[in-house]
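>
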Amino acid sequence: MDRRSFVAATTAAAALYGTGRMARAQAPAGLPEYYPGDYADIVEGSKAENNLLVYSNMSTDMWQGVLARYRELYPWITVQTLDLESAEVMERYLAESGTGSRTADILVTVAPDAWLRLIDRGQIADYASPEIPHLPGWSIPSPGLYTIAIDPMLFIYNKMLLPEELVPTSFADMVEKVRANPDLFRGKLTTYGAQFGSFGYTGTYAFVEHHGEKAWEWLETIGPLTRLERSSGPMVEKTTSGEYLLGYLTGSGNPWLAIRDPNRARILGWDFIADGTPVMMRGAAIPKASTNVNAARLWLDVMLSHAGQVGLSKGGRTPYRLDVSPEDVDGAYTYQTVIEAIGEDMVVPVTYDPAMLTAYEGFIERYRKAFGV
Amino acid sequence: MAQTSTTQPVGALPARVTHPGIIDRSRMIQWLIFITTIVVVSAPILPIVYQSLIDRPIYDTGHVLTLRNYAKLFTNTTFGEVVRNSFIFATLTTLISQVLGAVFAILLGRTNLPARRLLGDILLWPLFISHLVLAFGWFMSYGAAGFITLFVQGWLGFQPWTLYSIVGMSIIAGISQVPIALLYCLGSAALADPSLEDAARTCGAGPVRTLSSITLPLLLPAILYSGVLNFTASLEMLSIPLIFGEPAGISFFTTFLFTQGISAPNPDYGLVGTAAVLLLLIVTLLVYLQGKMLRNARRFVTVGGKASRPRLFELGPLKWPAFVVVAAYVLLFVLFPIGVLALRASVSFLTPLIPFWELFSAQHFIEVLTLDATRRSILNTIFISLFGGMLATVFIALIALVVHRSDFRYRKQLEYFALFPRALPGLIAGIGFFYAIVFLPPLGWLRNTMWILILAYTMRYIPTGFGALSPTLLQIGPDLDRSARVMGADWWTAVQNVILRLMKPALFTCFALLFIHFFKEYSTAIFLFAPGSEVIGTSLLQFWVQGEMGRVAALSTLQIAMTMVFIYIVRRAFGIRIYG
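If you're matching them up, the sequences are chains A and B in order. So in my numbering, the last one in the first sequence is 1645, and the numbering has no gaps at all. So in my numbering, the last one in the second sequence is 665, and the numbering has no gaps at all.
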């Protein structure tokens, strides 16, 4: 899928939203009224399961909003979430399901390459959510694989320590500023290590695809001055504490959560990347080895529903359903406002491109050279 | 043990007296212990070796045997550097810990340094605290944005040190390992015959001369032996390389395994298996070396004719300067890292840009105690340490009894198996048990429970417990169980009614030791924990990855506090002094 369809799908789904309402049947109270009548069967089925195991790369805190909504609707189900690294979600599932031990009922992670491998192995159960009419087409890259949120990649910086004239206005601009002040930035830049996990690899891959050879020149310039992290949590913490001055291609969830604390907002600044902001898709699917399928379907539908999307936003995730307005999420970013802010042309969608799998070895080799690791 | 003859240990009576051909219950118990030990110890090792020899992940079907993984590992350019970094790191760490450990041992054990008991106690603290927590403490005090670093930077205008280098990491690791060197050297210094020093002094040697030509050479075996221990420990250390090595782009054995085994976008199981086998071989070699050195060390034991109280060296005018140096060390490198952790735990966030007293809050402690998963991890850790520690104590006691107090045919082999886990790094034990379960689906039920952790921890610390029990067992006179046997008791009855009772203090010490090790363990759990079986160590790592430093600090502080309370209780209530 290219940028055009990623963005154009917006309008199509918005149109669908108006017509998607179906006749109300015997769905339990509180459910959206367009859910089909036999939805009650899934709800009934979940009563015998009453246990749901979620593998994701999100912390318990980030799940709170969704969890609250889920408990409100299906109080009989116990939910356990396990916070893993982006590709570890899949590896753990494969290892466990391969041997028939208890494993996740639903997988949620940002790892396009790992999802592709799971699709190849035929491990995704095809479940048609009643929310489909309300979702843009690009958000369902393969039957059964849904998107629950988007993750734009950002600049973050320490407002008190990074002189205002050195705050980057674009990636090209940042590289110039770093080139002009190597001593100031040495060891004070941070980003995801592409060799550490899927999030870093696929995000950087899409970024390089977008800019081509120029991106490698940039990375070769700033790479040797950069410290690599596994996740955005430490980037935000270390930027706030002044260990880092500037992070590039960072995640958005953690910084946006952090600046909800006014004390932190005094210190932590952020921006989209004006000459190309990679936007990741947070995938979710019910795997074939799920043992609590009904509970998992309910969880998936809650995440995709309007209320669930608002709940995700409470955990710092960016909802992408078009009927979620900024007012619904207390002014936090939504898909539309992100696309507007970046500008359609500068959105770099991180897609499920099979080339990511074949290009891996060569990419990492070049990456290691550029960063000197 | 150095016994090489085939004679029975003192006190061993035949397990069967009346009916030689029949396997009675004593024999059955001994066989059961023997077989259990072999199974438990080999469970994590065989799957790893197997994984290194097949062409695809162990969980896939259609394995084809191959040596390609080994070829791949040795041609992997990154791996060469990984090996080099690991060895440089281990060497520097060992140098630092041995030099400091020996100096402190002499100052504390052999001189009239003021407050040496108190200083000695505090110097041992790092032994009870998880390396992970120590590394966090260092990060928050001396890291690039550490509290103390920024304080010094405010003075000097620049940062005089960095921890993001092999040297920086070796300093942290070295200081964390000082207690091991210190303990061995103190023990050796206490055993040395004081009359040798007296002789030197009689011949006119001054204190410095006596120290350098008598005391220090006598310490050499202890320094070397604990040096091999520390070298091994730093090769298998995960925490410091993970926290300081990765951002700096410096890879080590453990971080290589961690990344390849857990997070890499395209995990290579063959490579993980092969690297693990290689590390296993290296550590086995080092452990073998330890055994050899211990045997040779006996040559250095100096047997004096008359027991006399060792005379302490007078430091004279150096007394107070030496005190200041040791006290400064204790303050800067033991108390500060812990103190800054506690401070970080008590403020909403720590930055030089806003005075910390404006930010005091109990928020992180409340979060840590109210978050379901974290509270569960604390309770699980207590459960595992308490009940797991007890179970492990019983199991290890049985092994020790069979090895030292029975005529069981394979007791030598049993001892060998029981001591083997010394060569098994925690991370590899975790990977190994994980593979074992993957490979043997009937064990699947263990997968998401605490029992797999108890099993893995027990396996890993058999040598520790065994070491705590053996000396006592060797000291209990053989006549005692003989008299029970003469009265008609079989081996099992004699063991239960006589030896186990006499061993009680040693059993308590063993339990206390295992409790502390289980309580601070984290690397074994990384591959094994699941929702419901989290432990403090895994919660700490998750908070770290999420960047929740406040919670990292709060949970670390709680872990240290709970350990201190435990040590205080066992000292007060049971009179057990763990280590020395």
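We put the CB at the ideal spot given by N, CA and C, even for glycine.
1) Along the segment 1482–1514 of chain A, what residues have a CB closer than 8 Å to any CB found in chain B?
2) Could you have a look at A/T1668 and say whether DSSP puts it in helix, strand or coil?
3) Would you check whether the ligand ADP has a heavy atom nearer than 7 Å to the C-beta of B/S433?
4) Starting from the N-terminal side, write out each stretch of the alpha helix (DSSP H) that is 4 residues or longer and does not extend beyond the segment 135–179 of chain B.
5) Might you give, ordered along the chain, the residues of its own chain that have their beta carbon closer than 7 Å to the beta carbon of A/D1547, omitting 5 neighbours on each side?
6) Secondary structure at A/I1396, three-state DSSP: helix, strand or coil?
7) To the nearest whole angstrom, what separates the beta carbons of A/T1350 and A/N1323, a pair I think is in contact under 8 Å?
8) Give the DSSP-derived three-state secondary structure of B/S261 in the structure shown.
9) Step through the CB atoms of chain A and report whether any lies within less than 8 Å of the CB of B/M535.
10) When the distance is taken between beta carbons, is A/S1562 closer than 8 Å to A/A1397?
11) Considering only the beta carbon of each residue, do B/V419 and B/L208 sit closer than 8 Å?
12) Against chain A, with Cβ distances strictly below 8 Å, would B/T91 count as a contact?
13) Take A/V1508 and list the residues in its own chain whose beta-carbon comes closer than 6 Å to its own, dropping the five residues that flank it on each side.
14) Which whole runs of the beta strand (DSSP E) in the segment 1342–1425 of chain A are 3 residues long or more, in chain order?
15) Near B/I128, which residues of its chain fall below 6 Å by C-beta distance, leaving aside the five closest residues on each side in sequence?
16) Quick test of the definition: if touching needs 3 or more C-beta pairs under 8 Å, does the segment 1338–1345 of chain A touch the segment 497–514 of chain B?
17) Tell me whether the beta-carbon of B/T534 lies closer than 8 Å to the beta-carbon of B/S618.
18) What do you reckon, are the CB atoms on A/T1463 and A/T1522 nearer than 8 Å?
19) Going by the CB atoms, is the gap between A/M1552 and A/D1355 shorter than 8 Å?
20) I need the DSSP call for A/G1541, collapsed to helix, strand or coil.
21) Going by beta-carbon coordinates alone, are B/Q262 and A/S1331 separated by less than 8 Å?
22) Taking the alpha helix (DSSP H) that B/P402 falls in, what are its first and last residues?
23) Assign A/P1454 to one of two classes, buried (16 or more other C-beta atoms within 10 Å of its C-beta) or exposed (fewer than that).
24) Would you call B/V149 buried or exposed, if buried means 16 or more other Cβ atoms sit within 10 Å of its Cβ?
25) Kindly indicate the opening and closing residues of the alpha helix (DSSP H) around A/E1501.
26) Interface residues of chain A around B/P422 at Cβ under 7 Å?
27) When the Cα atoms are used, what is the spatial distance from B/A482 to B/L554?
28) Would you identify the three-state DSSP class for B/F243, choosing helix, strand or coil?
29) Looking only at its chain, what residues have a beta carbon closer than 6 Å to the beta carbon of A/L1497, apart from the 5 residues adjacent to it on each side?
30) Give, in chain order, every residue of the segment 249–273 of chain B whose Cβ lies closer than 8 Å to some Cβ of chain A.
31) Below 8 Å between beta carbons: does that hold for B/S348 and A/E1357?
32) Indicate whether A/I1539 and A/K1449 have their beta-carbon atoms separated by less than 8 Å.
33) Can you name the residues of chain B whose CB is closer than 7 Å to the CB of A/D1355?
34) Quick one: Cα of B/V388 to Cα of B/V488, how far?
35) Sort B/F329, B/L540, B/G186, B/P527 by Cα distance to B/P264 and report the nearest one.
36) With a threshold of 8 Å between beta carbons, is B/P703 in contact with chain A?
Looking at the atomic coordinates:
1) The segment 1482–1514 of chain A vs chain B, Cβ under 8 Å: R1499, L1500, E1501, R1502, S1503, S1504, G1505, P1506, M1507, V1508, E1509, K1510, T1512, S1513, G1514.
2) This structure gives no information on residue 1668 of chain A, because the portion of chain A shown stretches from 1273 to 1645.
3) This structure simply doesn't include the ligand ADP, nor any ligand for that matter.
4) Fully enclosed alpha helix (DSSP H) runs of 4 or longer: 153–160.
5) Listed in chain order, the non-local C-beta contacts of A/D1547 below 7 Å within the same chain comprise S1442, F1443, A1444, M1618, local neighbours out to five positions each way being set aside.
6) Annotated three-state conformation of A/I1396 is strand, per DSSP.
7) About 5 Å separates the beta carbons of A/T1350 and A/N1323, which is inside the 8 Å limit, making them a contact pair.
8) B/S261: helix per DSSP, three-state reduction.
9) For B/M535, the closest Cβ of chain A is not nearer than 8 Å.
10) A contact, by the Cβ cut-off of 8 Å.
11) The Cβ atoms of B/V419 and B/L208 lie closer than 8 Å to each other.
12) In this predicted model, B/T91 has a pLDDT of only 46, less than 50, meaning its place in the structure is not dependable enough to derive any value.
13) So the list reads N1526, P1527, A1530, once near-sequence residues are dropped.
14) Complete beta strand (DSSP E) runs here, min 3: 1350–1355, 1378–1381, 1418–1424.
15) In the sequence as displayed, the identity of residue 128 of chain B is Ala instead of Ile. These residues qualify, in order along the chain: A521.
16) Verdict: no, contact absent.
17) For B/T534 and B/S618, yes; Cβs fall inside 8 Å.
18) A/T1463 is a Cβ neighbour of A/T1522, given a cutoff of 8 Å.
19) For A/D1355 and A/M1552, no; Cβs fall outside 8 Å.
20) Three-state DSSP puts A/G1541 in a strand.
21) In this structure, A/S1331 does not lie closer than 8 Å to B/Q262 by Cβ.
22) First-last for B/P402: undefined, no H or E at that position.
23) Label assigned to A/P1454: exposed.
24) B/V149 comes out exposed.
25) In the DSSP annotation of this structure, A/E1501 is not part of any alpha helix (DSSP H); the continuous beta strand (DSSP E) holding it starts and ends at 1498–1501.
26) Ordered by position in chain A, no residue passes the 7 Å Cβ test against B/P422, which lies about 16 Å from the chain.
27) In this structure, the CA atom of B/A482 is about 7 Å from the CA atom of B/L554.
28) B/F243: coil per DSSP, three-state reduction.
29) Within the same chain, A/L1497 has close Cβ partners F1457, R1458, L1461.
30) For the segment 249–273 of chain B, which is checked against every Cβ of chain A, the residues closer than 8 Å are Y249.
31) The answer is yes: Cβ separation under 8 Å.
32) With respect to the 8 Å criterion, A/I1539 and A/K1449 are not classified as neighbours on the basis of their beta carbons.
33) Per Cβ cutoff of 7 Å: Q627.
34) In this prediction, B/V388 has a pLDDT of 49, which is less than 50 and means its spatial position is unreliable; nothing more can be read from the coordinates.
35) Checked all of B/F329, B/L540, B/G186, B/P527; the closest Cα to B/P264 is B/G186.
36) Lying outside 86 to 665, the shown extent of chain B, residue 703 of chain B is not represented and no answer is given.
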